[in-house]
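Here the structure comes first, spelled out in structure tokens, and everything after it is commentary.
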Amino acid sequence: MNQPDYEFLRKLLRDKSGLDLSADKQYLIESRLLPLARKAGLASISDLVQKLRDGSSTLVSQVVEAMTTNETFFFRDKVPFDHFREMIMPELLKARANRRSIRIWCAACSTGQEPYSLAMSLKEMSAALAGWRVEIIATDLSQEVLEKSKAGLYSQFEVQRGLPIQLLVKYFKQAGELWQINSDVRGMVQHRQLNLLHDFSQLGTFDVVFCRNVLIYFDQDTKINIFGRIAKLMEPDGFLVLGAAETVVGLTDVFKPLADRRGLYRPSGIVSTAKAPLPGASRVAAAGN
Amino acid sequence: MKSCLVVDDSSVVRKIARRILEELGFSVVEAEDGERALELCTKSLPDAILLDWNMPVMDGYDFLGRLRRLPGGEGPKVVFCTTENDIDHISRALNAGANEYIMKPFDKEIVAAKFQEVGLIQALSAESA
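Same order as they appear, the protein sequences are chains C and E.
Its first residue numbered 5, the first sequence is counted upward by one per residue in the numbering used here.
Its first residue numbered 71, the second sequence is counted upward by one per residue in the numbering used here.
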């Protein structure tokens, strides 16, 4: 992509959406906009930019949408939430029958769809959980997305991707043009700002960790380090849930995959040598899920 | 191939819906109001019905009630697709036997998500992040 085209797109996105791309995000533009260009019958980003310069307003909104869309929705990928209902919770209900408490960590909660999907799943099994204490700790690097998550306000578009209509009716209220998740569901989720590159041992011990679509932004050594530090704060019989395109296989042996449960892992009992965050780990990562 | 009946008085909406549904692998039949839709359903029941609410002659809500009373009429998965986007309308629709509910405006992703929800299509392959 040539520099004038890149600058044009940067300005367009800044003007239309407030998205502020740094000078080196050509790859991001290409990965998001090339499919859109192809779909519009255009061969390249240059052709797309030419159309935009000519003032195609539908294309403008598609470009903004493609660039700003925060890749997260309720019950994203479905499968992890099936695991949660069908395997994780039934096992923990047995294993924690004496303690009657369960702690869950959403390690890159973004705008809240993941922790609230878990909270709604828990609500749906509330009969089995009477007298139990279930904590959901939702963390993210970005204070901005955490604020959105806390507010629990979603657009009509956001509540229609992944959320069954029955759950919308049951757990949301209309707030003007938006939909707000009910306060009792919001109250099940505690929010904290956290950078996975930094020490997170103060979070305590967890039975379940959802860490989906965030480690993809890190290099291999950092991934291994973070997996090691996550394993250290998990119960030995806990569960780790990764994103659909992620795995520990080939990276670390502190977790082992579960047969026939894609994306689901348990601590292997092997102790990681990762004691502290990697030195100089100060890079800022994009929020994943 | 699964079939979907698109019921909407707007030819533009029917055209958009047809394109999306054909991309999702459905054969599409169109009706411009509830009465015409009911006529088609008495001849042959589709697998799915994408249903507008406000239409002349017979509205979507009325149509749904009558559909569900037809022999075999509980079979088709009915997904409302309407600008009526308040809780009262949604609740009424669900009580009358709707399986899912789309609030307009809609796009392919929403239709695909809702059709997945009611088992009309399989989950798309895991998207990369």
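Every residue, glycine too, gets a C-beta built ideally from N, C-alpha and C.
None of these values were measured; they are calculated from a predicted model.
Does the distance from the C-beta atom of residue i to that of residue j stay below 8 Å?
i, j, result
"Ala249(C)", "Ser276(C)", "no"
"Leu96(C)", "Asp264(C)", "no"
"Leu108(E)", "Met125(E)", "no"
"Glu179(E)", "Val149(E)", "no"
"Met124(C)", "Leu171(C)", "yes"
"Leu200(C)", "Ala111(C)", "yes"
"Val193(C)", "Phe231(C)", "no"
"Phe133(E)", "Leu121(E)", "yes"
"Ala280(C)", "Asp203(C)", "yes"
"Pro8(C)", "Arg216(C)", "no"
"Arg80(C)", "Glu34(C)", "no"
"Ser81(E)", "Phe96(E)", "no"
"Leu255(C)", "Lys227(C)", "yes"
"Val149(C)", "Thr115(C)", "yes"
"Ala87(E)", "Leu190(E)", "no"
"Leu91(E)", "Val76(E)", "yes"
"Gln160(C)", "Met173(E)", "yes"
"Met91(C)", "Leu17(C)", "no"
"His195(C)", "Lys154(C)", "yes"
"Gly130(E)", "Gly104(E)", "yes"
Residue i to residue j, Cα distance in whole Å?
i, j, result
"Asp78(E)", "Leu182(C)", "25 Å"
"Asn6(C)", "Gly59(C)", "20 Å"
"Ile141(C)", "Asp188(C)", "15 Å"
"Ser114(E)", "Gln178(C)", "38 Å"
"Ala163(E)", "Pro146(E)", "15 Å"
"Tyr269(C)", "Leu246(C)", "8 Å"
"Gly137(E)", "Ala166(E)", "The question names Gly, but residue 137(E) in the sequence shown is Leu. Approximately 10 Å between the Cα atoms of the pair."
"Leu198(C)", "Glu239(C)", "21 Å"
"Phe176(E)", "Ala278(C)", "47 Å"
"Asp241(C)", "Lys29(C)", "41 Å"
"Ala41(C)", "Ser65(C)", "13 Å"
"His159(E)", "Gln184(C)", "18 Å"
"Phe88(C)", "Leu262(C)", "13 Å"
"Leu207(C)", "Leu237(C)", "8 Å"
"Ser286(C)", "Leu122(C)", "A caution first: Ser286(C) carries a pLDDT of 45, below 50, which makes its placement in the model too unreliable to give a value."
"Asp223(C)", "Asn229(C)", "10 Å"
"Leu37(C)", "Ile220(C)", "20 Å"
"Ser61(C)", "Gly135(E)", "41 Å"
"Leu63(C)", "Val53(C)", "10 Å"
"Lys15(C)", "Val253(C)", "41 Å"
"Lys98(C)", "Trp123(E)", "47 Å"
"Lys127(C)", "Ser272(C)", "30 Å"
"Leu56(C)", "Ser146(C)", "31 Å"
"Arg106(E)", "Cys151(E)", "17 Å"
"Asn155(E)", "Asp51(C)", "38 Å"
"Thr209(C)", "Glu187(E)", "34 Å"
"Ser99(E)", "Ile169(C)", "Note that residue 99(E) corresponds to Val in the displayed sequence, not to Ser. Distance between the alpha carbons of Val99(E) and Ile169(C): 25 Å."
"Trp109(C)", "Leu140(E)", "49 Å"
"Ile49(C)", "Arg100(C)", "55 Å"
"Thr76(C)", "Ala134(C)", "30 Å"
"Lys152(C)", "Glu102(E)", "41 Å"
"Ser161(E)", "Asp19(C)", "40 Å"
"Tyr120(C)", "Val218(C)", "18 Å"
"Arg233(C)", "Thr251(C)", "16 Å"
Exposed or buried, what is residue i when buried is set at 16 or more other beta-carbons lying within 10 Å of its beta-carbon?
i, result
"Lys174(C)", "exposed"
"Tyr158(C)", "buried"
"Pro283(C)", "exposed"
"Leu32(C)", "exposed"
"Ile157(E)", "exposed"
"Gly45(C)", "exposed"
"Arg84(E)", "buried"
"Glu144(E)", "exposed"
"Glu11(C)", "exposed"
"Val288(C)", "For Val288(C), the predicted structure reports a pLDDT of 43, less than 50, and the residue's modelled location is therefore unreliable. A value from the coordinates is still provided. Exposed."
"Pro94(C)", "exposed"
"Pro39(C)", "exposed"
"Arg89(E)", "exposed"
"Ile274(C)", "exposed"
"Thr143(C)", "buried"
"Gly156(C)", "buried"
"Ala27(C)", "exposed"
Within 7 Å: the Cβ of residue i and any heavy atom of the ligand NAD?
i, result
"Ser146(C)", "As for the ligand NAD, it is missing from this structure, which has no ligand bound."
**OP:** Answer yes if the region 171-190 of chain E comes into contact with the region 157-175 of chain C, meaning at least three C-beta pairs across the two stretches below 8 Å, and no otherwise.
**Re:** yes
**OP:** Flag this pair as touching only if the region 135-150 of chain C and the region 101-109 of chain C have three or more C-beta atom pairs under 8 Å; answer yes or no.
**Re:** By the Cβ rule, the region 135-150 of chain C counts as touching the region 101-109 of chain C, because three or more pairs are nearer than 8 Å.
Subject >> Entirely enclosed beta strand (DSSP E) segments - the region 97-154 of chain E, minimum 3 residues >> reply: 118-121, 147-152
Subject >> Whole runs of the beta strand (DSSP E) within the region 116-193 of chain C, excluding any shorter than 3 residues >> reply: DSSP assignment within the region 116-193 of chain C yields the following whole beta strand (DSSP E) runs of 3 residues or more, N-terminal first: 137-144, 176-179, 182-185.
Subject >> 4-residue-minimum alpha helix (DSSP H) runs that sit fully inside the region 213-291 of chain C, ordered along the chain >> reply: 224-236
Original post:
Along the chain, which unbroken stretches of the alpha helix (DSSP H) at least 4 residues long are found entirely within the region 69-103 of chain C?
Top reply: 83-87, 93-99
**OP:** Identify every run of the alpha helix (DSSP H) within the region 12-73 of chain C, keeping only runs that are complete inside it and at least 4 residues long; order them along the chain.
**Re:** 30-43, 49-57, 61-72
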